[in-house]
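In full-length UniProt numbering, the protein residues as written are 1 to 1082.
Structural data, given as structure tokens:
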């Protein structure tokens, strides 16, 4: 095998084929050896010189693929540094092999995969050479296509691939200038290509050639000049020759869809209208509107299923772009037919097809709703104006009769929308709040994994149904009520039917006005409660319970306004908390906390006809209600009660409620603390440890919802908490001392450490919500630091808790300047000992890593002066740590490191001039060098956004002369009066020249010039960086997708912000849980 790696001898093709065969079909040591040899062969810098021999002589297809992969790597990474004659030779060779393989139809069909690989290699060469070094490519390929049909067919594939590379994928693989040049060249030479395509489509009889040409045309349609589409007979050719032919109609429909999506000037309106008529006429012959699409799709061949999907794409694309062209009397019939086809297609049980339809429906209903909002109210009849205003003021959909005489688009869609409401209700997917699902075996079970696709789809369907409700609330209510009555009379009873209906009912919360909502919900809840009583069998009851809980959780406005219903519902939830069917208790607790958050004041107020507030009754019966719940569910229950107590405005009553709520856990706590005071051995009892853990978690849960008012409870147990922390720490330390680090893995020590962690979490939870920060700083922090810091410092690494670092970060973030004087002590205790744990590699102690840099960031942000007071050696250690952080391979740590770096530079820039000068002279070039290192390192592409911001800031400081002291040593420059900007320019050019010797000096100089001239314009600054990195990657052969990650994330963020703003204007569009409602008065 080793002989393969001797590049001084002629390549033994038979040996290569045997090794490749062993790699693909062998096993064990032989296969591993083959893999090693092949990897070394492919990585050899001269491997490309053997490609022609392999392609000519090998009989193994896999060997040929390996050869072409070697060539691809050469083209991508080293093409620009090869002598021109070698490039020309490789290019001519690939073209000749391609022509030879594709000129013979039998050979072309046999070697299809190999030919595709050859085509991709040719396109890779074109991206490097065309047009500058191969200006005649387009005329040559067009001319060659006229000599042979199978060659012509393959040339179509090459043109398609080239179009994709330039117009679809170029942004992430080529510099802006290169992309622009290729696009201009392709457009300027397109007439010859189009002429060839037209000739084939008009005259050709060979199906595979026609198909390849249609595929190529499809890639061209979104960028070619419009005259080629609308001022030639291409649309008529597509319709008349191919749309009714089963073999071509799918690809033809895709081409028409591409044309339908074009946004063009009005001179082509007639062409679009004619195209819709043509397609609808053709489809009525293929799939009549009367067809049951749902059943037809199930029984159809894959080709016919594709047709239904392509028709959905065509209709949704056309109607999205041009529906207003056909919203007139002359085209009314075809417009409605198109919409009814889309409604029918929406019933198909294929999620991807439904999502295509849903995208259009969401756009249509949003536009129709928007039209109502834009009505010129002042021009209307005053009586109608009054009714509409009253309806809108009531926070929900207006009665449809009020708008019956308005000239609105929605009227022509009335029947379409009514059909659509039925489809949306019947296909509604499960909201994330519902935890009880039917599995593949038809059993009702607890769901543990959330499906993000289902959650996204639910959000879109919910929005669509909310708009549909606004467009005709009476029709929506009637459809839902009829479907519910058919559940009650069992004529349509099934788990799925009840679920989809209830999910739909829950999804339109807030869309109806209060009066309609009250009438509707009273019926719904009564019917569902009746159904729960009527149904037999645990699964049936669980489904009914799940749906009741989901609906009541979605309608807090109704519950707030109807106390008796609220109390009935909550008592029903308490019943469900004893139901052992999996998922029911979880959902009952989740619904309870949701209602507690939204209706909290109603629980602490004394309601009419009640002798005490409901919270008193709940706390009194707390043990009875929660006796069947798991510990986690009990914690949720306490958190829910905490929300209610936080709404009690009278402090004495609130403190009494907190004491009563915490009575049970406090009793257990007092008992254990008293026992531990007499005999520390009690902490060796597993049951005791478990109880302590639960008591602490209960305190954390209650604290998180009660907030700053939880102080009396914290004060009651605080010193005992710290005493327990010390005692447990001592037991852990003693055990580790006796048994070494292995002791930290034993169940007993892990349970004891859980106690420590929960103590820290409770203190962190309280500090984060406390309002009297001076009191916290003076009274709580000193004993806390005394208990925690020395314990952390003296423990072995395996026994140190990352929660200490997290808690310190939270305390510093919350208290800020109040704790600056204590930061040096915190740093002394945790900084170096933690650094020693995490600086050996990038993997050990992952939780400590994250927490360590979180703490460092908190100190830099909130107690910066404490950093400046560190001794120089320790400050240098901080800088080293931060550089090490942004070089980290874990993305979140690298991101934290970059954030700290930027924040530190900003803090320094605002500090005293002498301090700033000393910092810049010591660390500016060091930081700059390290930022360039991660910028050009493929493992750190995800940090591109922050790396760009830091570099822009650093070059901005130098360019604006904000750095007074020289950044260089006297011996580094010839002219003592050299400015920092002049020095840095030369320094960076030299740095990059040494790092990337394959780049031309002029390239680097242009890039560095951009660093200085563009640093105040971040988008342009980033484009300059991207182009430079793509230039590097052409040599290094790496993927550049991550460079555009930030643009995508920013776009998503802005879109989400805009969507939320828009949703806030539509009653019901945001879920109750997403609304920040003002507190109602008691």
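Note that CB positions come from ideal geometry on N, CA and C, so glycine has one too.
Per DSSP, residue i is paired with what?
i, result
"residue 445", "437"
Which residue comes first and which comes last in the alpha helix (DSSP H) that contains residue i?
i, result
"residue 890", "No alpha helix (DSSP H) holds residue 890; DSSP gives it neither H nor E."
"residue 1002", "1001-1013"
"residue 724", "711-739"
"residue 332", "332-346"
"residue 769", "747-769"
"residue 689", "686-706"
"residue 180", "176-188"
"residue 923", "913-935"
"residue 295", "293-299"
"residue 306", "302-322"
"residue 53", "51-57"
"residue 605", "Taken as a continuous stretch (DSSP letters only), residue 605 belongs to no alpha helix (DSSP H), as it is neither H nor E."
"residue 632", "631-646"
"residue 18", "13-25"
"residue 980", "980-995"
"residue 212", "207-220"
"residue 526", "514-534"
"residue 945", "944-959"
"residue 977", "From DSSP, residue 977 is part of no alpha helix (DSSP H); its letter is neither H nor E."
"residue 1083", "Given a span of 1 to 1082 for the chain in the structure shown, any question on residue 1083 remains unanswerable."
"residue 287", "Residue 287 -> no alpha helix (DSSP H), and no H or E assigned at all."
"residue 7", "Run containing residue 7: none; DSSP gives neither H nor E here."
In or out: residue i buried (at least 16 other Cβ within 10 Å) or exposed?
i, result
"residue 859", "buried"
"residue 881", "buried"
"residue 940", "buried"
"residue 888", "buried"
"residue 1091", "Any property of residue 1091 remains undetermined from this structure, which presents the chain solely from 1 to 1082."
"residue 64", "buried"
"residue 863", "buried"
"residue 703", "buried"
"residue 847", "exposed"
"residue 162", "buried"
"residue 58", "buried"
"residue 1026", "buried"
"residue 589", "buried"
"residue 586", "buried"
"residue 91", "buried"
"residue 413", "buried"
"residue 482", "exposed"
"residue 477", "buried"
"residue 792", "buried"
"residue 897", "buried"
"residue 50", "buried"
For residue i and residue j, which I take to be in contact (beta-carbon distance under 8 Å), what is that distance rounded to the nearest angstrom?
i, j, result
"residue 1069", "residue 466", "5 Å"
"residue 901", "residue 924", "Their Cβ separation, rounded to whole angstroms, is 12 Å, which puts residue 901 and residue 924 out of contact at 8 Å."
"residue 420", "residue 468", "7 Å"
"residue 346", "residue 354", "6 Å"
"residue 563", "residue 607", "5 Å"
"residue 60", "residue 17", "4 Å"
"residue 698", "residue 638", "5 Å"
"residue 406", "residue 504", "No, residue 406 and residue 504 are not in contact; Cβ-Cβ is about 27 Å, not under 8 Å."
"residue 804", "residue 830", "7 Å"
"residue 278", "residue 239", "5 Å"
| query | If you scan the segment 465-509 from start to end, which runs of the alpha helix (DSSP H) of 4 or more residues do you find wholly inside it? | reply | 473-488, 495-507
| message | To test your reading of the DSSP string, which unbroken alpha helix (DSSP H) runs of 4 or more residues are found completely within the segment 862-908? | response | 864-868, 872-886
| Ranges of the beta strand (DSSP E) found wholly within the segment 771-857, counting only runs of at least 3 | Here no run is fully enclosed.
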